[in-house]
């Protein structure tokens, strides 16, 4: 950032000596740079940069991870107060259970899974979604018989505006090829470990067991994978462009929600 071209030094008027006729010296007005603006006098333009992290990702998860730079730290707090939905793709594997619900944990048991069908899985997912919808309404503290509730429902803004347990607002099966399966989960106030536990509990409900093979966040509020910068683009130009591209959508969402 300090290597990027900075603003030109300020100019000031100085009276400098100049030779005149007959060996005399006279003072002539001239515009010269202000020495205090010279990089060797001023030093680095940026000595520290405040960077804040949005919703965390643990070491076994991947996907969209939002950072705030400078003024963006305040915007991160405002977005956090909007309680926006996050979306994950979660991979699972039937037939075994581990102590941390992931496929890399210590093996606890092995089970059969030949009896599991996609229809049975989707019935369990429907039950999970129905149960969580009731929790969503309860923690949103809104009277569902009011005009306010109707308007929020139309805008898709019914959500808990305070602390609540993890809530799944939508869950569906993307891929099913026993013993492997993949889910898409829309949720609020979750952790990645909570999602792994959901996979474990799905296995138990299907009279089997399951471990989580992948947790990938594909959306965090207004940010999607299209907004994310891969490691090869972690440079000043790409970061500045990403900030400009995301600024409008952040301001629009804050205006709509808060």
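Residue numbers (my numbering): 267 to 524.
Glycine residues also receive a C-beta, built at the ideal position from the N, C-alpha and C atoms.
Annotation: residue 356 to residue 438 spans about 10 Å, alpha carbon to alpha carbon. Distance check between residue 451 and each of 481, 476 and 442 places 481 closest, using alpha-carbon atoms only. Counting only runs of 4+ residues, the alpha helix (DSSP H) found wholly inside the segment 328-393 occupies 338-348, in chain order. For the pair residue 315 and residue 446, the CB atoms are not nearer than the 8 Å cut-off.
Assigned with DSSP and collapsed to three states, residue 472 falls in coil, not helix or strand. Approximately 5 Å separates the beta-carbon atoms of residue 433 and residue 401; this is inside 8 Å, confirming the contact.
DSSP, read as helix, strand or coil, puts residue 397 in helix. Contact check for residue 453 against residue 351 passes: the beta carbons are separated by less than 8 Å. The beta-carbon separation of residue 298 and residue 278, rounded to 6 Å, stays under the 8 Å limit for a contact.
Looking only at 286, 367, 403 and 345, the smallest Cα-Cα distance to residue 318 is reached by 345. In this structure, the straight-line span from the alpha carbon of residue 387 to that of residue 488 is close to 30 Å. Scanning the segment 430-460 for uninterrupted beta strand (DSSP E) segments of 3 residues or longer gives 433-443 and 446-454, listed from N- to C-terminal end. Judged by beta-carbon spacing, residue 377 lies within the 8 Å limit of residue 361, meaning their Cβ atoms are closer than that value. For the options 381, 272 and 373, the alpha carbon positioned closest to that of residue 310 is the one of 272.
Put simply, the backbone Cα of residue 296 is about 38 Å away from that of residue 506. Going by beta carbons, residue 484 and residue 320 fall outside the 8 Å limit. The C-beta of residue 336 has fewer than 16 other C-beta atoms within 10 Å across all chains shown, which makes the residue exposed. Residue 374 and residue 365 do touch by the CB rule: their CB atoms are close to 6 Å apart, below 8 Å.
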